[in-house]
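In our numbering, the protein residues as written are 74 to 375.
Structure representation (structure tokens):
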């Protein structure tokens with residue numbers, strides 16, 4: 074017996090959140106970059122470059138979010154759901170490139186420090202704190218259930234803190250005239266972004282490789298299936314992410330007595346969804362392990 078059970082939860086519409094976030098951050102990048110050149114502040118230019126990468130990241134995340142809503146077809150029976158995984162992975166890689174660029178320029182600026190217009194740096198950075206905080210709040214509700222949305226939230230939240238750091242650097246330069254604080258702040262920005270990116274990169278790579286999602290304990294899932302009435306064994310158990318919001322499972326259950334399996338399959342689908350957040354379950358019930366092995370051997374010889 075074979076049954077595919079689906080239960081999809083309603084997700085908040087983040088289309089408008091992405092649109093607002095992109096517009097706000099594009100405007101801020103233009104302002105920050107302009108004042109960065111004017112004030113000779115590498116910290117502002119570094120933050121502007123990172124914000125530009127965040128704009129690209131928001132666009133990629135938005136694209137993945139939109140494509141995931143495209144319905145399945147005969148060629149793509151799962152639709153475009155996995156594009157959210159690709160978006161999260163690409164975002165992490167873009168951030169790594171931005172980190173390298175910031176660190177490289179900061180090291181060179183240590184050798185040739187430039188005068189910094191501290192008041193301008195402080196004002197522009199504080200504007201960045203406000204804009205990045207507003208953008209982060211747009212994605213705050215979805216950060217726990219969607220890796221793609223969490224990536225957008227983390228970028229914006231980190232940027233709010235980093236802009237605050239740039240403002241603090243401007244204050245220190247204003248009172249000390251130590252221009253080396255500017256590239257030092259840039260290096261600190263690079264380190265903070267790297268730390269924030271590491272978890273996103275690790276999880277997105279795992280999702281792309283169809284590893285068991287971080288929030289799923291495979292032993293717990295196996296134990297649940299083994300405790301089902303009449304089930305004597307579980308094999309070929311696989312759990313992976315179909316997208317950044319949907320988890321799939323396939324499993325073979327050995328159940329010598331094959332009566333009342335429709336009710337059992339409905340219970341499995343319900344429990345997997347509500348207890349493990351596995352929304353797409355495909356379960357095959359077999360009367361014995363020997364019979365299953367026989368069918369698999371025949372299939373392999375064809």
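We put the beta carbon where it would ideally sit given N, CA and C, even for glycine.
Contact annotation: residue 97 and residue 109 have beta-carbon atoms that are not nearer than 8 Å. Between residue 145 and residue 155, the alpha-carbon positions lie close to 12 Å from each other. Inter-residue distance for residue 182 and residue 87 is about 40 Å (C-alpha atoms, whole angstroms). Proximity to residue 320 across 353, 297, 327 peaks at 353, based on C-alpha coordinates. Note on geometry: alpha-carbon atoms of residue 360 and residue 323 lie some 17 Å from one another.
DSSP places residue 314 in the uninterrupted beta strand (DSSP E) bounded by 306 to 314. Scanning the region 319 to 366 for uninterrupted alpha helix (DSSP H) segments of 4 residues or longer gives 334 to 349, listed from N- to C-terminal end. DSSP places residue 177 in the uninterrupted alpha helix (DSSP H) bounded by 156 to 184. For residue 111, the three-state secondary structure derived from DSSP is helix.
Annotated three-state conformation of residue 99 is helix, per DSSP. Contact annotation: residue 255 and residue 242 have beta-carbon atoms nearer than 8 Å. In its chain, beyond the 5 residues on either side, 291, 312 have a beta carbon closer than 6 Å to the beta carbon of residue 285. Residue 123 has its alpha-carbon roughly 6 Å from the corresponding atom of residue 171. For the pair residue 239 and residue 142, the Cα-to-Cα distance works out to about 39 Å.
Per the C-alpha coordinates, the member of 259, 271, 337 positioned closest to residue 164 is 271.
Counting C-beta atoms within 10 angstroms of its own C-beta, residue 138 has 16 or more neighbours from the protein chains shown and is therefore classed as buried. Taking all protein chains shown into account, residue 248 has fewer than 16 neighbouring C-beta atoms within 10 Å of its C-beta and is therefore exposed. Between the alpha carbons of residue 244 and residue 276 lies a distance of about 37 Å. In this structure, the alpha-carbon of residue 300 lies about 39 Å from that of residue 227. Around the beta-carbon of residue 264, fewer than 16 other beta-carbon atoms lie within 10 Å, marking it exposed. With contacts defined as CB atoms closer than 8 Å, residue 262 and residue 119 qualify as a contacting pair. A Cβ-Cβ distance of about 21 Å is found for the pair residue 317 and residue 93, leaving them out of contact under the 8 Å criterion.
In this structure, the alpha-carbon of residue 236 lies about 19 Å from that of residue 213.
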